[in-house]
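Notes follow once the structure below has been shown.
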Amino acid sequence: MITVFGSINMDLIATTDRLPKPGETVAGNGFTTAAGGKGANQALAARRAGRYVHMAGAVGKDGFAADALALLDDAGTDLSLVKHVDGPTGTALILVGGDGENMIAVVPGANGLVTAADAETAVGKMSEGDILMLQLEVPVDAVERALSAARVRGVTSILNLAPLTPDARRLGRLADIVIANETEFERLAGQDGMDAEAREAALHRLHQETGQTLIVTLGGDGVIAIRDGVISRAQGLKIEPVDTVGAGDTFCGYFTASLDEGLDFASALRRAAVAGSLACLKAGAQPSIPLSQDVADRM
Ligand code: RIB
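So in the numbering used here, the last one in the sequence shown is 628, and the numbering has no gaps at all.
Shown next, in the form of C-alpha cells:
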C-alpha cells in the first residue's frame, strides 16, 4: 500500500509564446485550470500505474476544493485522509512558454495547515513494507514527523526534494530513498555546478555516508541512481515537450508504484522515466499523467 503525504493544489495555467523576464509583461495565448499539487500529482500517477493509494493532505472549503480532488477521486484514490479546513485550497500560478518550459508560484493555502499530528495519523495507518511518499510543499515539521514515524513503523519512505527549500538537505537525510532533480541534488550534496563526473562521485560519496538510495532526474537525459553501491541509469523517450509541468511528479508516482508492485529497481526506473516523458506531451499536471497501459505500450 502507498500513502502520499503532501500538497493538493488547483493550477491556474497561462500559456505564452515565451516566458517573461522579471518586470516584463508578455501576451498570453491561452488559459486553463487543472488539478495539481506535487503530492496529489504523485498520488494520481501511482494510482494510474495501478496501485492502491491513500492521499493525505488538506484542501480548503472553497470552490477549488472539489475540482482539485476530482481526478484523484475518479481514479479511485482513497481520500479519507484529506482534511477540509477553513480557508482557500492551495493554488499554483503557472506560466508555460512555447518551448514547454515553465515558471510556477505556489500559494500554500490549506497545504500550510497540514500538521505533524496529521502525519502521525497517516503513518499510523500504515504497516511494515508499505511505502510513504513525500515532497516539500507542506510544512517542514509535518514532513519531518512523517519521516521519523515511517522509520519507527518499518515503512519505506521516499522523499522527493521538491520544491527546493532551506530544509531540503536536512530532511533528505531522514528518508530511505531520495528523488531529486539536478539542482535539488546539488543542494543535498552541498556542492554547486556539478558536471556528470562530479555528480557520479557525489552519488557514491553520499551513498557511502548514508546508505540511502539516491535518484537524480536529468530531464531529457533520463535518470541516474545509486542503490546498494551500484550506479544505474535509465532513459525516457525522445520527445518534443509540450508542457513539462508534472513530469517529475509522474516519475515519482510511477517509480513508487513500480517498487510497490515488486518490480526490480532498474525496471522501476525505466518505467518511471517513460511515464515522465509521456507526461510532457499534454498540457496540465494531472490531465497529462499517462495510464499504465500507455506506458507499457512505449516500453
Ligand atoms: O510539480 C508540478 C506541481 O507543482 C503543479 O501541479 C503545481 O501545483 C505545483 O505544486
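Cβ coordinates follow ideal geometry from the N, Cα and C atoms, glycine included.
Values in this document were obtained by computation on a predicted structure and should not be read as measured data.
In this structure the stretch 384-392 lies against the stretch 436-443, because at least three pairs of beta carbons, one per stretch, are closer than 8 Å.
Taking 7 Å as the cut-off, one finds at least one heavy atom of the ligand RIB near enough to the beta carbon of lysine 367. Per DSSP, the continuous beta strand (DSSP E) segment holding serine 486 begins and ends at 485-489. When DSSP assignments are scanned along the stretch 461-519, the uninterrupted stretches of alpha helix (DSSP H) that are 4 or more residues long and fall wholly within it turn out to be 469-482, 497-501 and 511-518. Within its own chain, the residues whose Cβ lies closer than 6 Å to the Cβ of glycine 379, once the five positions on either side in sequence are excluded, are Ser621, listed in chain order. The Cβ atoms of alanine 595 and phenylalanine 584 lie no closer than 8 Å to each other. Rounded to whole angstroms, the gap between the alpha carbons of leucine 401 and alanine 527 is 39 Å. Relative to the ligand RIB, the nearest heavy atom lies less than 7 Å away from the CB of alanine 421.
By the Cβ neighbour-count rule, glycine 419 is buried, with 16 or more other Cβ atoms within 10 Å of its own.
Look at the stretch 529-609 and you find these whole runs of alpha helix (DSSP H), each 4 residues long or longer: 576-590 and 594-607.
The C-beta of lysine 367 has 16 or more other C-beta atoms within 10 Å across all chains shown, which makes the residue buried. Residue pairing by DSSP places leucine 422 opposite Leu341 and Ala434 in a beta bridge.
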